[in-house]
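Read through the structure below, which is laid out as structure tokens, and then see the notes.
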């Protein structure tokens, strides 16, 4: 690579890009860790993007109509931090750059959306950013259809690496973007042919150009160090009616001794090589030093969108106040005021009518009430619409010919769905929910974890939540998935017992601002157990006394979801034997854990024997409530699963695995002794 | 679709295929559940494959050199069961067909490999079968290179549906197969354009032909109901030097009122429609009735490979006895006799030398000893070879030009790696292990669960297993992943404290026949804690007393992995204060749970206060050992994580999150009161 030729051909561009490269080298040298090669390789692309195309105003990083810039190759975080600092982002100061990867810095090893403005999403786990981006672009389409082009009209740009494209989820994203003709999605592929283990072709020889084209993308191939080519490609991309992938041929760790090698991917900290690289750039300044003319040029880029943003604010002020309020409310993840009342009246109605619905059906009935009120919801399913009961008639189908549609047929793509839903939530203005079978939590896991880490309220509607799904067998029967989601920090796992609890769970999920929710819903029909209407949302307490012991309390049955009805049946039998039995419904362990000691003690007092009932493994947090919280080993038991399930009718499976009222009664009697 | 024309054009073929369709209809009618459309649509393809191409002997379904037939679209299980019954598989009798999806039947809702011979893998979660198949084909290549074409020379056939191709993992599989030129892998795509939610194109318009070609596949497009075209395509596929995808244009639920509709995907149980379909087939026989001439024709197909198989046995008998023994031993997942001795001498050596290695480095040192002995291992990493320490010099790299290579650069494809490893284990003769960062358990989850369900000893080498990885931050720091794997039935989760325990864990993992193992290994260096050599494998007991209290035992510290050293440090401090403290190392909770009560009581007696220490969430099974097993709430504490981690140097993170000897001492003192 002849750097001198590049420098002299376009000195102003070169210097701006060199600032990114120099800051990257300095920050990683100071941290003694990080990934140098990607920012150094993609500095030219990023410079042209920010200078000539990206619509943003560094002084107002949360401007809703900004273009979104997503660094899918999150290990190259110094690229993003450099850009934010150089353009004048208020959070990412030079001090932050100097503290790259240090305790308390906003400049974490991988970009974390909740640390600083300008970080649109949390990346690092590869393939996530490009998949989030599909959701960003969909959210833009939905909002543009609703609010008009004067208020919503922006692009989503992604920088993705070879790793992003090798991860399977990228195929799901590519297929979705192509199908939905997300023409405002522009992916810049850092085509450097290097991964950690060597050149890409030791593991993959896929023709990425052909692959993207096969899914309906426009593809443009350029030299990623040629500013004019980058500019022209971006211009062409913006006017396409298809999503665009720009294949940017680059040199990883450009100008460094480790250029074009796997070593260049990692932390380049050798002082002499660092100096040599800076020399090659013609960069004669000290560590972390950006000369004022270069910084001024960058700051001008950061201010470039200011006038646009002011004009946008004027246009926004012209739409109706109702619309403005709705727009702002949705961005703030504030539930509409009407929601609580609607939930309450549904609760009252079902407490009276006492339907015997599967909770997936209950969920549909709640959504019928909710979706017309919470107009920012976008629903969908990974090709199980009729099974997940996620669609309501008012939504319309999101398609190129109907951008107002609020329901997405995600196809058989649980992971892509989850990641794109995260993208919608991150974009703002949309509250996404999507369904699949609970067992396929496994497929969606990487994105479900990130929802929790990113503090966004994505809702995962997980139906067919136990052996109760019956004949489809153990491949489809979750036993450990409640445990998986409960073990994940910042995640609400709701397992409602009937329609009332399902409505309460949805109310919490749709009011959450920083916490994703997992709704664990049955395939099989269940009786209504909340037959007495309470206006209060009891699910918000996590657990509560559903039925009090008659006479002396000798046993407490703690159950969730479909097993609450079994607990009630067992209670009736135990009471008939003179054993006073309390039933505690525990639809959300996380919320119960958040209650104060006094409340928890009222629900789970010492003394009585305790039996937990859940058609899942005990590892799902049960020991805390059985052995802890004033319980003890000799007086506690669990009725649930200890193995994978089996293929047979649901009732027979409950018998086979001993999850019955009879087994509960026997366990209580054994514990009472 | 003009069925009459098809019938009359090729009546013998038609009748055989009709038998599959009729059995499918009858079984699903009897079960009142299942998926009719796929077997009915793909019956012609399957009939030609079994009649003219698939090398198998129904009377010897485990013949090692049989062609493998993998039903990736596992919901179409009646296709497989019909084929097995018709060809004379000893397990799948007519009685089993009649008991489809019933308790105890071998004919589960989705095919389960461990229930019956002829079921090569467990499918249903889409995309798994096609990804397993990559491993099957790799295993065949490795074994053929080693044993020669006279002993190993077979194809892997896959039937995959639209769902399989939409799942992201299929892209990982396609990329791998193309890169490795797995020419003996042949995928038959059931191109019926129907999924549960509607036609495929509501969610995807990918040109699958172009997509496969982009990754180096041969693609052949045929009418999936034309026997001659099917035959010709299979013939062409077998002689290619690339993997082949045959796009079979089919009609889902052929001949039924629900043909070509989403309804046709599911259970077609209407008696009149069922009769009409059979009439259209010209099938006049009763339910479950296959006339003897048709059954005879199918049984002849089942016996077709018998002579081949006998000849193979003769050829096999001609290779050296040593090679025969090795071949059989590897198929039986029997560890070589030398393994134990080698592990013991390594243990002795490291107990003496006491290296301060990260356990990922320990693992590499174990592999250096193990790989030359356990010659059936095939190792690899998802592009983190130097970080996972999974490669040893003797292995060679598996590539088209080196089929004897035992190390696979999987690329950035954790899910595809895990699924292909499962395929290798299922194929037989190979014991696969593969590495990634532990946090990316999330990506590999669907295949990790299936390894456990399928009862195969795949080994997952998960390094960088806590906040101890430092600056890469919370996106890369597992906190809930020990809990995830521990909650999964039939999975060993090893978290070794030093090189000795790492060697012991590997010995167990490499001796396992029916249980996958997860090795949780550190990035950071650790002291050797097992400084006194014991020949016995203490890790096999799950937990043991590493250091006894001096004087009266007042505290028991239970720790795993990197936190055992913290426990030892805390013990020293506590003993200095006169508080007798036992340290229990607990490298494998599952194995400890399997010990008898007497042993568990010896390790965890009542009385002393207990503190668990693990840089992960408490939900990972801890309450059982802290509150249960004679423990109690008032006398138990936990030192670990309650949130996601952060980006900073590892030592600072341990301080920040309070996982230190000092915090442990303080907790013990607080509990003693």
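Residue numbers (the UniProt record's numbering), protein chains in the order written: chain B, 1 to 673; chain H, 1 to 673. Glycine included, each C-beta is placed from N, C-alpha and C at the ideal position. Please read these numbers as outputs of a predicted model, since none were measured by experiment.
Please list the partners that residue 154 of chain B has in chain H, where partner means a Cβ-to-Cβ separation under 8 Å.
-> To locate residue 154 of chain B, count along the first chain from 1; it is residue 154. Per Cβ cutoff of 8 Å: no residues; residue 154 of chain B is ~25 Å from chain H at best.
Distance CB(residue 500 of chain B)-CB(residue 518 of chain B) smaller than 9 Å | Within the first chain, the letter at position 500 stands for residue 500 of chain B. Within the first chain, the letter at position 518 stands for residue 518 of chain B. No; because the gap between Cβ atoms is not below 9 Å, this pair is not in contact.
The region 560-573 of chain H contacting the region 384-404 of chain H, beta-carbon criterion three pairs below 8 Å = no
Check whether the Cβ atoms of residue 330 of chain B and residue 507 of chain B lie closer than 9 Å to each other.
-> Residue 330 of chain B sits at position 330 when you count from the first residue of the first chain. Residue 507 of chain B sits at position 507 when you count from the first residue of the first chain. Cβ distance not < 9 Å, so residue 330 of chain B and residue 507 of chain B don't count as in contact.
If you drop the 5 nearest sequence neighbours on each side, which residues of the same chain put their C-beta closer than 6 Å to that of residue 509 of chain B?
-> By 1-based counting over the first chain, the position of residue 509 of chain B is 509. Closer than 6 Å at the Cβ level, and outside the excluded window around residue 509 of chain B, lie 459, 517.
Is there a Cβ from chain B that is less than 9 Å from the Cβ of residue 82 of chain H?
-> Here residue 82 of chain H is taken as the residue at index 82 of the second chain, counted from 1. No, residue 82 of chain H lies away from the interface with chain B (no Cβ there is under 9 Å from its Cβ).
For residue 676 of chain H, which residues from the same chain have a beta carbon less than 6 Å from its beta carbon, with the 5 sequence-adjacent residues on both sides left out?
-> This structure gives no information on residue 676 of chain H, because the portion of chain H shown stretches from 1 to 673.
Candidates H:75, H:73, H:408, H:114: closest to residue 92 of chain H by CA position | Counted from its first residue, the second chain places residue 92 of chain H at position 92. The option with the nearest alpha carbon to residue 92 of chain H is H:114.
Top-ranked residue by Cα proximity to residue 461 of chain H, from H:450, H:438, H:144, H:303 | Walking along the second chain from the start, residue 461 of chain H turns up at place 461. Among H:450, H:438, H:144, H:303, the Cα nearest to that of residue 461 of chain H belongs to H:438.
Would you tell me roughly how many angstroms separate the C-alpha atoms of residue 412 of chain B and residue 382 of chain B, rounded to the nearest one?
-> The count along the first chain starts at 1 and reaches residue 412 of chain B at position 412. The count along the first chain starts at 1 and reaches residue 382 of chain B at position 382. Looking at the two C-alpha atoms, the distance is approximately 5 Å.
Verify the CB distance criterion: does residue 123 of chain H have a CB-CB separation below 9 Å to chain B?
-> Walking along the second chain from the start, residue 123 of chain H turns up at place 123. By this cut-off, residue 123 of chain H is an interface position.
Kindly list, in the order they appear in chain B, the residues whose Cβ is closer than 8 Å to that of residue 169 of chain H.
-> As a first step, residue 169 of chain H is located in the second chain; it is residue number 169 there, counting from the start. Here the neighbours are 168.
For residue 361 of chain H, which residues in chain B fall below 7 Å Cβ to Cβ?
-> As a first step, residue 361 of chain H is located in the second chain; it is residue number 361 there, counting from the start. Within chain B, no residue comes near residue 361 of chain H; the closest Cβ sits about 17 Å away, beyond 7 Å.
Going along the region 369-394 of chain B in order, which residues come within less than 8 Å of chain H, judged by CB to CB distance?
-> Those would be 381, 383, 384, 385, 386, 387, in chain order.
Could you give the residue range of the beta strand (DSSP E) that holds residue 189 of chain B?
-> Counting from one through the first chain, the residue named residue 189 of chain B turns up at place 189. Note, residue 189 of chain B: beta strand (DSSP E), 185-191.
From this set, H:191, H:210, H:177, which residue's C-alpha is nearest residue 201 of chain B's C-alpha?
-> Numbered from 1 along the first chain, position 201 holds the residue referred to as residue 201 of chain B. Ranking H:191, H:210, H:177 by Cα distance to residue 201 of chain B puts H:177 first.
Residue 644 of chain B at chain H interface by Cβ criterion, 9 Å | As a first step, residue 644 of chain B is located in the first chain; it is residue number 644 there, counting from the start. Judged by the 9 Å Cβ criterion, residue 644 of chain B is in contact with chain H.
Within chain B, the residues that residue 492 of chain H reaches when beta carbons sit closer than 8 Å = Position 492 of the second chain holds residue 492 of chain H. By Cβ distance, chain B contributes nothing, its closest Cβ being about 15 Å from residue 492 of chain H, past 8 Å.
Any idea what DSSP makes of residue 141 of chain B, helix, strand or coil?
-> In the first chain, residue 141 of chain B corresponds to position 141, counting from 1. Three-state DSSP puts residue 141 of chain B in a helix.
Taking DSSP as the reference, what is the three-state secondary structure of residue 614 of chain B?
-> Reading the first chain from its first residue, position 614 is the one you call residue 614 of chain B. If DSSP states are grouped into helix, strand and coil, residue 614 of chain B belongs with the strands.
Determine whether the Cβ of residue 396 of chain H lies closer than 9 Å to any Cβ atom of chain B.
-> The residue labelled residue 396 of chain H in the question sits at position 396 within the second chain. No, because no Cβ of chain B sits closer than 9 Å to the Cβ of residue 396 of chain H.
Rounded C-beta distance between residue 339 of chain B and residue 374 of chain B? I'm assuming under 8 Å.
-> Translated into the one-based positions of the first chain, residue 339 of chain B becomes position 339. Translated into the one-based positions of the first chain, residue 374 of chain B becomes position 374. Rounded, the Cβ-Cβ distance is 6 Å, consistent with contact.
Mind listing which residues of the region 182-203 of chain H have their C-beta closer than 9 Å to chain B's C-betas, in chain order?
-> 195, 196, 197, 198, 200, 201, 202, 203
Is the distance from the Cβ of residue 128 of chain H to the Cβ of residue 165 of chain H below 9 Å?
-> Against the second chain, residue 128 of chain H aligns to sequence position 128. Against the second chain, residue 165 of chain H aligns to sequence position 165. Not closer than 9 Å, so no.
Does the region 31-40 of chain H come close enough to the region 73-88 of chain H that 3 or more CB-CB pairs lie under 8 Å?
-> With a cut-off of 8 Å, the region 31-40 of chain H and the region 73-88 of chain H count as touching, because enough Cβ pairs lie within range.
Own chain, CB closer than 8 Å to residue 197 of chain B, minus 5 neighbours either side, in chain order | Here the question's residue 197 of chain B lines up with position 197 in the first chain. Excluding the 5 residues flanking it on each side, residue 197 of chain B has same chain C-beta neighbours closer than 8 Å at 203, 262, in chain order.
Which same chain residues, not among the five before or five after residue 427 of chain B, have their C-beta less than 6 Å away from its C-beta?
-> Taking the first residue of the first chain as 1, we reach residue 427 of chain B at position 427. So the list reads 136, 139, once near-sequence residues are dropped.
Selection from H:555, H:632, H:650 that minimises the alpha carbon distance to residue 526 of chain H = As a working note, residue 526 of chain H is residue 526 in the second chain. Selected option, being the one with the closest Cα: H:650.
Residue interval of the alpha helix (DSSP H) (run including residue 176 of chain H) | Within the second chain, numbered from 1, the residue matching residue 176 of chain H stands at position 176. It spans 168-179 - the alpha helix (DSSP H) in which residue 176 of chain H sits, taken as one unbroken run.
For residue 33 of chain B, does the three-state DSSP call read helix, strand or coil?
-> To locate residue 33 of chain B, count along the first chain from 1; it is residue 33. Coil, per DSSP.
Which bits of chain B does residue 584 of chain H rub up against, with CB to CB less than 8 Å?
-> Residue 584 of chain H sits at position 584 when you count from the first residue of the second chain. Here the premise fails: no neighbours, minimum Cβ distance about 18 Å.
Can you say whether residue 594 of chain H is buried or exposed, counting buried as having 16 or more other CB atoms within 10 angstroms of its CB?
-> Against the second chain, residue 594 of chain H aligns to sequence position 594. It is exposed - the Cβ of residue 594 of chain H has fewer than 16 other Cβ atoms within 10 Å.
Quick one: any contact between the region 448-457 of chain B and the region 91-107 of chain B, if contact means 3 or more CB pairs under 8 Å?
-> no
So which of H:384, H:267, H:241 has the shortest CA-CA distance to residue 33 of chain H?
-> If you number the second chain from 1, residue 33 of chain H lands on position 33. Nearest of H:384, H:267, H:241 to residue 33 of chain H, Cα basis: H:267.
Residue-level contact to chain H via CB, residue 103 of chain B, 9 Å cutoff = Here the question's residue 103 of chain B lines up with position 103 in the first chain. So yes, residue 103 of chain B belongs to the interface.
State buried or exposed for residue 473 of chain H, treating a residue as buried only when at least 16 other CB atoms are found within 10 Å of its CB.
-> Within the second chain, the letter at position 473 stands for residue 473 of chain H. Result: buried.
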